[in-house]
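A short write-up of the structure that comes next.
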Amino acid sequence: MTELLSPEEWNAVALSLRVSFWATLLSLPLGVLVAYALARWDFWGRQILNGLVHLPLILPPVVTGYLLLLTFGRRGAVGQFLDQWFGIVLAFRWTGAALAAAVMAFPLMVRAIRLAIEAVDPKLEEAASTLGASRVWVFVTVTLPLILPGIVAGAILAFAKAMGEFGATITFVSNIPGQTQTLPSAIYSFLQVPGGDAQAFRLVLIAIVIAMAALLLSEWISRVVAGRISGR
Numbered sequence: 001m002t003e004l005l006s007p008e009e010w011n012a013v014a015l016s017l018r019v020s021f022w023a024t025l026l027s028l029p030l031g032v033l034v035a036y037a038l039a040r041w042d043f044w045g046r047q048i049l050n051g052l053v054h055l056p057l058i059l060p061p062v063v064t065g066y067l068l069l070l071t072f073g074r075r076g077a078v079g080q081f082l083d084q085w086f087g088i089v090l091a092f093r094w095t096g097a098a099l100a101a102a103v104m105a106f107p108l109m110v111r112a113i114r115l116a117i118e119a120v121d122p123k124l125e126e127a128a129s130t131l132g133a134s135r136v137w138v139f140v141t142v143t144l145p146l147i148l149p150g151i152v153a154g155a156i157l158a159f160a161k162a163m164g165e166f167g168a169t170i171t172f173v174s175n176i177p178g179q180t181q182t183l184p185s186a187i188y189s190f191l192q193v194p195g196g197d198a199q200a201f202r203l204v205l206i207a208i209v210i211a212m213a214a215l216l217l218s219e220w221i222s223r224v225v226a227g228r229i230s231g232r
């Protein structure tokens, strides 16, 4: 791939893969927890939580990026705290791009996992509880194996969504080559330069290949996991 792409193009692809990987990995535990809460728990504010989770799908991505900048920027309440106490800076860093991608992909991840949880018969969990198992143990031994295909599908879907994130990312971390310029940002930059159509087209093809590979991989892994769980 290094022979087909320029160093700038390769950096954009590599950074997108890095951002998407960490965005998916770090948000997955929270995604499982939120999906389980929405599917199984009955509590005050449940609909509010559901709305907040899906809000990035409705809001313009630029608005989401601006809200992230206000919250996690150097002068934001959370960003200032992270900077002063832990030396963590998210705005205009690749880590901020991972945060923006995670926020935008989170609704798709939660929805896929939630559907998998809702497909599990609650009587199976109740039966395990009557035998003295704790809620955590019931989840680990009964629920988790059954929803594993949904978790895998949600994670890969979130990864693909993170790869294509543009609006929130460029608003929160800008478009700095070699630092925050992801694949979509690089395509946008090349389209603004005379004669950059060829470079943009190459990156578009790579984006299509990665997205299709992620979707096919998601389907294949889900079938394999489901087959092993059912014993087929």
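Residue numbers for the sequence shown follow full-length UniProt numbering, beginning at 1 and rising by one.
Positions of the beta carbon are idealized from the N, C-alpha and C atoms, including for glycine.
Keep in mind that this is a model prediction, so the values were computed, not measured.
Item	Value
Please go through the same chain and pick out, in chain order, the residues whose beta-carbon is closer than 8 Å to the beta-carbon of P56, but skip the five residues on each side of it.	T64, V103, M104, F106, P107, A168
Between A35 and R114, how many whole angstroms is the CB-CB distance? I'm expecting something under 8 Å.	4 Å
For the 8 Å Cβ check, are there 3 or more pairs between the region 72 to 85 and the region 188 to 204?	no
Using three-state DSSP, classify I156 as helix, strand or coil.	helix
Looking at the structure shown, is P7 part of a helix, part of a strand, or coil, going by DSSP?	helix
My output table needs one value for N175: the three-state DSSP class, helix, strand or coil.	coil
Between R74 and V62, what straight-line distance do the alpha-carbon atoms span, to the nearest angstrom?	19 Å
Could you tell me the boundaries of the alpha helix (DSSP H) in which V140 lies?	First-last for V140: undefined, no H or E at that position.
Around the C-beta of G96, are 16 or more other C-beta atoms found within 10 angstroms, so that it is buried, or is it exposed?	buried
If you scan the region 73 to 100 from start to end, which runs of the alpha helix (DSSP H) of 4 or more residues do you find wholly inside it?	77 to 86
With DSSP run on the structure shown, which of helix, strand or coil describes V120?	coil
On the CB-based measure, 16 or more other CB atoms within 10 Å of its CB, does T141 come out buried or exposed?	exposed
Going by C-alpha to C-alpha distance, which of V110, M109, F139, R111 sits closest to K123?	F139
Taking just the CA atoms, how far does N50 sit from E165?	22 Å
If you drop the 5 nearest sequence neighbours on each side, which residues of the same chain put their C-beta closer than 8 Å to that of E126?	none
Measure the Cβ-Cβ separation of I53 and A162 and say whether it is below 8 Å.	Residue 53 is actually Val in this sequence, not Ile. Contact: no.
Residues in its own chain within less than 6 Å of T171 by CB, not counting five upstream and five downstream?	V62, G65, Y66
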